[in-house]
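Student: Numbering (my numbering), first residue to last: 499 to 910.
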Ligand code: RNT
Ligand code: ZN
């Protein structure tokens, strides 16, 4: 079917496909750099810790800043639109012979990333890295030892400075997300004290002056991690309460809830009580497994909640997954394009008409029309979007990744 035919088909439902395409052009998604190197970074030699894991051994992992930047550029060339790159503190780039520990990181250690962002016309987001470090042994901001807590408090404050630097250099706000791995494998004797210490550490971090127009700090909760199965200090209740009391933005990662809980169902409640809501769009498989984002029911449902609640400017969308078992650039491209495709699906839904059916109690029509639009020619509108944005179609991009794999990745 051609775009014109698709346009007419949607028009019969009262949907303007041109408008949907224009709206999608303006949505910037934060693409995580850590898919490119299995969350290793450049500042320490150790393994990935903190109860998260990238499984697989696909060849071509980026091991230097140059390689990671080249891979991100390749991915961006295959993703429609203009986006942001999400960095972690462990991606600091040091000069020959230079090194700084996490508590002493400075904007200068991220200068090359700013140059990269300017060159590629992308924004930057940031994350303190409170894992994969000798001082991140089980607990960080909630550690019983004050010295260790202070180290991570300093790291988070240093990260705020770096985020401010990004915002100043790039002229757009930086989202800075704090996630800590703190928790216990087995039954705690005291659930309160670590949470009280986390609260106190956060208070100390937020006692730092910073420009809230430049840096949007978000707090990411979690239900459990590998080796941290029984107790997570930074739980959902903890961060929702902390955020709302302190006017901070909460972040929901859809891999961080019990399997029958859905982030799509949580967004509306959060929108009613928060100016902004942040998301890590991921894909849980049985547990928090950070699989590549697909064009699946929950991704579509999340995007529907954002679009139909008119919240595109209030929901900060970032991706978070790490798959080392497939081509890493393909993982980025598939995840980003699927997030965008799900947004387009939401933009092409007859949302007002469906809401009216719900209010009028016409659940028969509601079900019938929701099912009807599922097989509408979304793909043709998507192809048109890709064409207008000057990127290859779904049928074309993989061969470009294969070429890069042969010429670059397999030679590493
Ligand atoms: C871990 C969190 C966190 C990390 C990244 C690397 O469970 O989801 O967001 O994945 O910070
Ligand atoms: Zn996450």
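Glycine included, C-beta positions come from ideal geometry on N, C-alpha and C.
None of the values given here were measured: they were computed from a predicted structure.
Count the CB pairs spanning the stretch 830-849 and the stretch 568-578 that are closer than 8 Å, and state whether there are at least three.
Tutor: Flag = yes, the stretch 830-849 and the stretch 568-578 touch.
Student: Ends of the alpha helix (DSSP H) at residue 831?
Tutor: Its alpha helix (DSSP H) spans residues 826-845.
Student: Can you tell which of 878, 631, 783 has its C-alpha closest to the C-alpha of residue 598?
Tutor: With distances taken between Cα atoms, residue 598 lies closest to 631.
Student: Considering only heavy atoms of the ligand RNT, does any lie closer than 7 Å to the CB of residue 988?
Tutor: Because the chain spans 499 through 910 in this model, residue 988 falls outside it and cannot be assessed.
Student: Which term fits residue 573, buried or exposed, when burial requires 16 or more other beta carbons within 10 angstroms of its beta carbon?
Tutor: Buried is the call here.
Student: So, using beta-carbon positions, are residue 807 and residue 749 closer together than 8 Å?
Tutor: No, Cβ-Cβ distance for residue 807 and residue 749 is not below 8 Å.
Student: Just to confirm, does residue 718 get its C-beta within under 7 Å of one of the non-hydrogen atoms of the ligand ZN?
Tutor: Under cutoff, so the answer is yes.
Student: Does residue 748 come out as helix, strand or coil in the three-state DSSP assignment?
Tutor: If DSSP states are grouped into helix, strand and coil, residue 748 belongs with the strands.
Student: Tell me which residue opens and which closes the beta strand (DSSP E) that residue 587 is part of.
Tutor: Element bounds for residue 587: n/a, residue is neither H nor E.
Student: Between residue 660 and residue 666, what straight-line distance do the alpha-carbon atoms span, to the nearest angstrom?
Tutor: Rounded to whole angstroms, residue 660 to residue 666 spans 10 Å at the Cα level.
Student: Does the beta-carbon of residue 623, which I'm using as the reference point, lie nearer than 7 Å to any heavy atom of the ligand RNT?
Tutor: Not under cutoff, so the answer is no.
Student: Using DSSP with H/G/I as helix, E/B as strand and the rest coil, what is residue 520?
Tutor: Residue 520: helix per DSSP, three-state reduction.
Student: Less than 8 Å between the C-beta atoms of residue 482 and residue 586, yes or no?
Tutor: Residue 482 cannot be examined here, being either before or after the span of the chain that is shown, 499 to 910.
Student: Just the Cα atoms here: how many angstroms apart are residue 604 and residue 864?
Tutor: So the two alpha carbons sit approximately 54 Å from each other.
Student: So for residue 732, helix, strand or coil by DSSP?
Tutor: Of the three classes helix, strand and coil, the one that applies to residue 732 here is coil, per DSSP.
Student: For residue 561, which of helix, strand or coil comes out of DSSP?
Tutor: Correct three-state label for residue 561: coil.
Student: Indicate whether residue 753 and residue 723 have their beta-carbon atoms separated by less than 8 Å.
Tutor: No, the Cβ-Cβ distance between residue 753 and residue 723 is not below 8 Å.
Student: Residue 737 to residue 771, Cα distance in whole Å?
Tutor: Taking the straight line joining both Cα atoms gives about 14 Å.
Student: Assuming residue 610 and residue 563 make a contact with CB atoms under 8 Å, what is their CB distance in whole Å?
Tutor: So it is a contact: roughly 6 Å between Cβ atoms.
Student: Kindly give me the distance between the Cβ atoms of residue 740 and residue 697, rounded to whole angstroms, as I take these residues to be in contact under 8 Å.
Tutor: Indeed, because the Cβ distance is near 7 Å, the residues count as touching under 8 Å.
Student: Let me know the secondary structure DSSP gives residue 624 once reduced to three states.
Tutor: The answer is strand: DSSP assigns residue 624 an E or B state.
Student: Which runs of the alpha helix (DSSP H), 4 residues or longer, sit entirely within the stretch 612-697?
Tutor: Fully enclosed alpha helix (DSSP H) runs of 4 or longer: 644-668.
Student: Leaving out five residues on either side along the sequence, give the residues of the same chain with a beta carbon under 7 Å from the beta carbon of residue 513.
Tutor: Hits under 7 Å: 846, 848.
Student: Nearest-angstrom Cα distance between residue 689 and residue 683?
Tutor: Looking at the two C-alpha atoms, the distance is approximately 13 Å.
Student: Buried or exposed, going by whether 16 or more other CB atoms sit within 10 Å of the CB of residue 553?
Tutor: Burial call: exposed.
Student: Would you say residue 677 touches the ligand RNT, meaning its beta carbon is less than 7 Å from a heavy atom?
Tutor: Because some heavy atom of the ligand RNT lies under 7 Å away, the Cβ of residue 677 counts as near it: yes.
Student: Any chance the CB of residue 681 is under 7 Å from a heavy atom of the ligand RNT?
Tutor: Checking every heavy atom of the ligand RNT against the Cβ of residue 681, none is found closer than 7 Å.
Student: For the beta strand (DSSP E) containing residue 576, list its first residue and its last residue.
Tutor: Careful: residue 576 lies outside any beta strand (DSSP E) and carries neither H nor E.
Student: With DSSP as the reference, identify every bridge partner of residue 817, one or two as the case may be.
Tutor: Note: residue 817 sits in a beta bridge opposite 779.
Student: Which same chain residues end up closer than 7 Å to residue 601 when comparing Cβ atoms and leaving out the 5 residues on each side of it in sequence?
Tutor: Correct list, in chain order: 649, 652, 653, 656.
Student: Three-state secondary structure (DSSP) at residue 797?
Tutor: Helix.
Student: Between residue 751 and the ligand ZN, is there a pair consisting of the residue's CB and a ligand heavy atom that are separated by less than 7 Å?
Tutor: Yes, since a heavy atom of the ligand ZN falls inside the 7 Å radius drawn around the Cβ of residue 751.
Student: Please confirm whether any heavy atom of the ligand RNT lies closer than 7 Å to the CB of residue 538.
Tutor: No, the Cβ of residue 538 stays beyond 7 Å of every heavy atom of the ligand RNT.
Student: Let me check you understand the geometry: is the CB of residue 607 closer than 7 Å to at least one non-hydrogen atom of the ligand ZN?
Tutor: Every heavy atom of the ligand ZN is 7 Å or more from the Cβ of residue 607, so no.
Student: If I measure Cβ to Cβ from residue 570 and keep anything under 7 Å in the same chain, skipping five residues before and after, which residues do I get?
Tutor: So the list reads 531, 534, 583, once near-sequence residues are dropped.
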